[in-house]
Amino acid sequence: MLTIYSEEHRYQDGKAELIDGQLLPPFEMPRRAEMVLERVRAVGLGDILAPQDFGLAPLEAVHDARYLAFLAAAWGDWVKSGREHDALPLNWQIRGMRALEPESIDGKLSYFSFDAGTPIMSGTWRAAQASANVALTGAARVKEGARGVFSLCRPPGHHAAEDYYGGYCFLNNAAIAAQWLRDHGAAKVALLDIDYHHGNGTQSIFYDRPDVFFASLHGHPKQEFPFFLGYEDETGEGSGEGANANFPLEWGTGFERWFGALQEAARRIRTFGAEALVISLGVDTYKDDPISHFTLDSDDYLQIGRTIAGLGLPTLFVMEGGYAVEEIGVNAVNVLTGFEEAS
Ligand code: OKP
Ligand code: ZN
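The numbers in our numbering rise by one with no breaks, and the one at position 286 of the sequence shown is 317.
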């Protein structure tokens, strides 16, 4: 299997995220991607290719233009306002407040975000664009007929919506790739999100769309970040009704229960009848993940890969989360080798 990788992910290297009431070194760190790459090499998964630059158009097909302008200018505006450390928002508009874009950079950070765990620094925009290009380059290979391609994206993307960032995500790499596949000949695309966290951004981007099916297995929003989306009764709206499927699972969920949900999601994808499949591949479902509460083990990821292969679709794997850094390579690449075995 071909892997797409860019070293430019290293430009996203925050000093701190707000977590558990503390400013701590970010869990989402450059070493994550390096460990996955190292494992791709160690098992001889296949060639490793640098991304092409697809420019702004495929980003604009998913994200709001004002949001992209904000991301491109945020660090410069922050520095102009006299700060030189990472930029974090502090407060948000909530029930009864006005959803108007403020003029100042502090106001804009709040307006275009949903958490304080996602630092913006000098290289954020560059790293986020490289990550989207990694996904797009993979999508182009899938369109050309590859059975499976691995886009080793970092920073991740599935929490980023049309016009907001958060959860370590700025550009929604998987959504950008899925939309690109739609715009280049695939009539229907399915997106399966197996990261531990709900793919709120991806769901929200495609919620009213009948041509992109979204399924997500994740920590139940009554217990788990991002808390305010990911319930079972979110099934799509308008002509997208029926094209969204959430499988919220409680803390402590082990592989047996998780795999039951995967099989149900796979059944739904078969019924939908997609021409291509995009996987949001997070391995933070792992038992020793430091911020998650499922108990999957490394061998389980092989079976996940085999099951995904069983769908028989041209498949793009887009890297999302996974914070047990020592095991992230083994776990992520197990999905890919399981897929190859069964293809
Ligand atoms: C990004 B991805 C946990 C706090 C979580 C943000 C997590 C973002 C996960 N107590 N903070 O979905 O892996
Ligand atoms: Zn996650």
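C-beta: ideal position from N, C-alpha, C; glycine also. Everything numeric in this text was worked out from a predicted model, so none of it was measured.
Item: C-beta contact flag for N203 and D84 at 8 Å; Value: no
Item: Any non-hydrogen atom of the ligand HEM closer than 7 Å to H189 Cβ; Value: Although the ligand HEM was asked about, the structure shown includes only the ligand OKP and the ligand ZN as ligands.
Item: Cβ pair count under 8 Å reaching 3, the stretch 256-276 against the stretch 235-245; Value: yes
Item: Selection from Q53, M32, L102, A171 that minimises the alpha carbon distance to L76; Value: M32
Item: Alpha-carbon to alpha-carbon, D78 and G353; Value: 23 Å
Item: Chain-ordered residues, beta carbon under 5 Å from a heavy atom of the ligand ZN; Value: D226, Y227, H228, G313, D315, G352
Item: Near the ligand OKP: D370 beta-carbon under 7 Å from a heavy atom; Value: The sequence given here places Phe at residue 370; Asp does not occur at that position. False, no ligand heavy atom lies under 7 Å from that Cβ.
Item: Identified DSSP bridge partners for H249; Value: P279
Item: Distance CB(N231)-CB(A177) smaller than 8 Å; Value: no
Item: Near the ligand OKP: G148 beta-carbon under 7 Å from a heavy atom; Value: yes
Item: Own chain, CB closer than 7 Å to N122, minus 5 neighbours either side, in chain order; Value: S141
Item: A297 beta carbon less than 8 Å from that of T338; Value: yes
Item: Contact set for Q9: own chain, Cβ-Cβ below 6 Å, skip 5 residues either direction; Value: This structure cannot settle anything about residue 9, because the visible part of the chain is limited to 32 through 374.
Item: Stretch-stretch touch, CB-based, cutoff 8 Å, three pairs: the stretch 274-290 with the stretch 208-217; Value: no
Item: G45: CB within 7 Å of a non-hydrogen atom of the ligand OKP; Value: no
Item: A177 in three-state terms, based on DSSP; Value: coil
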